[in-house]
Structure formats: structure tokens, C-alpha cells
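Novice:
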Amino acid sequence: METIIFADDGERSLERSTATIPEPGPREVQLEIKATGVCGSDVGAWHRKSAYEFIETPRVPGHEYVGVISELGEDIEYFAVGDRVVERPLHSCGVCSACRNGASHVCENLEITGFHFDGGFAPYSVAPVYSLHPVPDSLTDQQAAMAEPMAVAARATVNRTNLTTGDDVLVLGAGPMGAFSALIGDTLAANVTVGGLSRDRPRFAVLEDLGIRTVNLETTSASESATEYADGGFDVVVDATGSTSALADGLAAARPNGEAVVIGIPSGNLDVTAPEFVRQEQRVSGSYGARPADFERALEIIEGVPDELDAMSQSYEPDDVEDAFRAFADGEIIKPILETALLAQ
1249 METIIFADDG
1259 ERSLERSTAT
1269 IPEPGPREVQ
1279 LEIKATGVCG
1289 SDVGAWHRKS
1299 AYEFIETPRV
1309 PGHEYVGVIS
1319 ELGEDIEYFA
1329 VGDRVVERPL
1339 HSCGVCSACR
1349 NGASHVCENL
1359 EITGFHFDGG
1369 FAPYSVAPVY
1379 SLHPVPDSLT
1389 DQQAAMAEPM
1399 AVAARATVNR
1409 TNLTTGDDVL
1419 VLGAGPMGAF
1429 SALIGDTLAA
1439 NVTVGGLSRD
1449 RPRFAVLEDL
1459 GIRTVNLETT
1469 SASESATEYA
1479 DGGFDVVVDA
1489 TGSTSALADG
1499 LAAARPNGEA
1509 VVIGIPSGNL
1519 DVTAPEFVRQ
1529 EQRVSGSYGA
1539 RPADFERALE
1549 IIEGVPDELD
1559 AMSQSYEPDD
1569 VEDAFRAFAD
1579 GEIIKPILET
1589 ALLAQ
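The working numbering applies: residue 1249 is where the sequence shown begins, and numbers increase by one.
1) CA-CA distance, Asp1542 and Val1400?
2) Name the two residues that bound the continuous beta strand (DSSP E) containing Arg1531.
3) According to DSSP, what are the bridge partners of Lys1583?
4) In the structure shown, what three-state DSSP assignment does Leu1458 receive?
5) Identify every residue that forms a DSSP beta bridge with Ser1373.
6) Restricting to Cα atoms, I'd like to know which of Val1486, Leu1358, Ala1488 and Arg1461 is closest to Cys1344.
7) With respect to the beta strand (DSSP E) encompassing Val1442, which residues constitute its N-terminal and C-terminal limits?
8) For Val1314 and Ile1581, I'd like the C-alpha separation in whole angstroms.
9) Can you tell me which of Asp1519, Pro1523 and Thr1405 puts its alpha carbon nearest to the alpha carbon of Val1510?
10) In terms of residue numbering, what span does the alpha helix (DSSP H) encompassing Gly1433 cover?
11) Run the CB neighbour count on Arg1253, radius 10 Å, all protein chains shown included, and call it buried at 16 or more, exposed below.
12) Does the Cβ of Val1419 have 16 or more other Cβ atoms within 10 Å, making it buried, or fewer, making it exposed?
13) Could you have a look at Asp1578 and say whether DSSP puts it in helix, strand or coil?
14) Less than 9 angstroms separating the beta-carbons of Val1377 and Glu1325?
15) Any idea if His1295 is buried or exposed, counting beta-carbon neighbours within 10 angstroms, 16 or more meaning buried?
16) Between Asp1457, Glu1322 and Ala1438, which lies nearest to Glu1556 when the distance is taken from Cα to Cα?
17) How big is the Cα-Cα spacing for Ala1427 and Glu1335?
18) Looking only at its chain, what residues have a beta carbon closer than 8 angstroms to the beta carbon of Arg1447, apart from the 5 residues adjacent to it on each side?
19) Taking the Cβ atom as the reference point for each residue, do Ser1373 and Leu1279 lie within a distance shorter than 9 angstroms?
20) Taking the beta carbon of Lys1583 as the centre, do at least 16 other beta carbons fall within 10 Å, making it buried, or is it exposed?
21) In terms of residues, what are the limits of the alpha helix (DSSP H) holding Glu1266?
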């Protein structure tokens, strides 16, 4: 079969390659991949950022995909050939302290599809049956391919905060994590403001067309946004930037007893004004990955906002994979989706 791989010839590159179609083992299924999302972590790996140096090449990336079961391994229940599914790409050991205490998504020995083993930039893949979630018939492949990032956003905004109807919410970052978090807040009837940079203007246009307020943080600070759009500061700040300075600015714009949740993974330490942080009883939580229940919630959310997600996404043919990565990295689009089914033709 034809695949797209991360190659390493001094600089990590995206190249076409060939591989044997994988066969499922016990408790595994073979999947015919239909569509695969490009994630910010994929771009980080492509740019060879330090957080992704662990990836061994050649590697087939892709952890946000939808596929149809094409073959069953041994001992499979509940699923059948022809079922359309998405994969939960975080794979845990089951024996570490985190796993034994119900937090397998932050397993000490975590392995990730597309990083530790081959993923969805291919026409076929295999996946363990425990990681699969059925896809509603009402969703297109392009919409279903956004289940994983939507699950991550849902965990952060719904499970890791006290966000509720009427809250003033500041979302930092206009990429997919920020856009999906904003969309979730909007569906909960929160008063959402998305902050980004000048390079995010194409993304701002999409969000504004959907009725979501945007702010250029290069010209208007988070605190100024709080004065204009939030009464006494934002109730909830969602940081999807991975920038410690952006998070510090966002926290400064939170109200007393406000809270911030961090989805983006910063590369440095967070600098906060400790006396204000303590005296105002503010809270900061990290949020990583998604649990099975988050995927079920994500698929329900997607069913409710299909048109919005169509507006936020753009499909690319395999020949244009580098264009997809570059457009995403340059802030031109919110979510690129690769038509991986075309690799089988």
C-alpha cells in the first residue's frame, strides 16, 4: 500500500512510501482509513521541535482518523466488518499508578498512534478493539475525523472547568483546539471571546461568520478584552496556545475566583504574580488527551454542529499534504483533513 511518512534525511520531511497492508492480531481490527486530520502536534513533529524528538523515522503519522473495519482479528465482540469507527489514539500500560487510579490517558508509559507506531496517513491500519468508537451515520468522514481534537477540547472545557451558561470565557488561540473550545462554549450559551494573533485573521473570519467574537491580542490585551467583554474579568480562560506569556496574560484577565485550563503544552515555565494569584483564589488546571467518555461526548457535539465544523475544516488530497501542513502552520486554516482514502486508488 502507498503511505505518507515522516522521513529523516537531516531534516524531517513528508514523503510518499510503500508498506505491506497490516494484518490484525488478536483483539485487533484492520481499518480502511477514509480521512485523517492534521494536528498541531503533527506540525510540531514535522518541524522537529524538541518535544517530538522521540519519534523514530520512518513513521506513518496521523492520530485523528476515521475508518471502516475491513477485517477482524481473533476474539472480537461488539464490532463487525463494515462498521465505521474512530480510534482513541492514547494507549496505556494498564499497570502504572495512573492507570490503576483511573487516569489511563496520562499513563506513565503512554504510547500514541502516529508517533510511537504507524498511524492514519495510510489507506489501511490496525487498531486494538478497546480503542474504537462507533461513528453515527449522520456524520461525514471529514466531520468524524475531527472527533479526537473535539474530545480533547471537550475534556478541557467541560470536565476540567466549571464552565456554565452565561459565563464570560476567554479562549487563547484560534487553531483547532481554541476554535473547538470556543464552539463548545458557544453551544453552552457562554459569552465567548477568542484571542489570537495577526496571522490568525483567516481563522478569525471563519469564527466571526459563526457568531464568535475574536480579538487580536497584538493590538488589544487580554485585560483590555476583560474590561470590554467581561464584567470584572473572565470566569474561565482556556489556553490553547502553548505560550506561557499568553497564559500569564490570560490569567491576569481572569476574575477573582476565576479559573484557567491549559490544553496547549508550553515549552517553558509559567510566570505568575503569586500574591494576586493567591489572594484572588484563582485556579489553573492542566488538561491532556481524552478518555472514552470524552470521545462519546465529542461525537454528540459534532452531530449538533456539522455545518460549523464544515466551515472550520478544509480537505486536501494526499498529493497536497505539504500544502496542508504549511497552511495550518501559517494560520491560514483551522483544521486540514487529508483524504487518505485516495491513497488506496
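No residue lacks a Cβ here, since even glycine has one placed at the ideal position from N, Cα and C.
Specialist: The structure says:
1) Answer to the nearest angstrom: the Cα atoms are 7 angstroms apart.
2) Arg1531 to Gly1534
3) Among the bridge pairs identified by DSSP, Lys1583 is matched with Ser1561.
4) coil
5) Leu1279
6) Leu1358
7) Asn1439 to Gly1444
8) If you take the alpha carbons of Val1314 and Ile1581, they lie about 21 angstroms apart.
9) That would be Thr1405, whose Cα lies nearest to the Cα of Val1510.
10) Counting along the chain, Gly1433 sits inside the alpha helix (DSSP H) bounded by residues Pro1424 to Thr1435.
11) Residue 1253 is actually Ile in this sequence, not Arg. That one is buried.
12) buried
13) Judged by DSSP in its simplified three-state form, Asp1578 adopts coil rather than helix or strand.
14) yes
15) exposed
16) Asp1457
17) 22 angstroms
18) Asp1578 and Gly1579
19) For Ser1373 and Leu1279, yes; Cβs fall inside 9 angstroms.
20) buried
21) In the sequence as presented, Glu is not what sits at residue 1266; that position holds Thr. Premise fails: Thr1266 lies in the beta strand (DSSP E), Arg1260 to Thr1266, not in any alpha helix (DSSP H).
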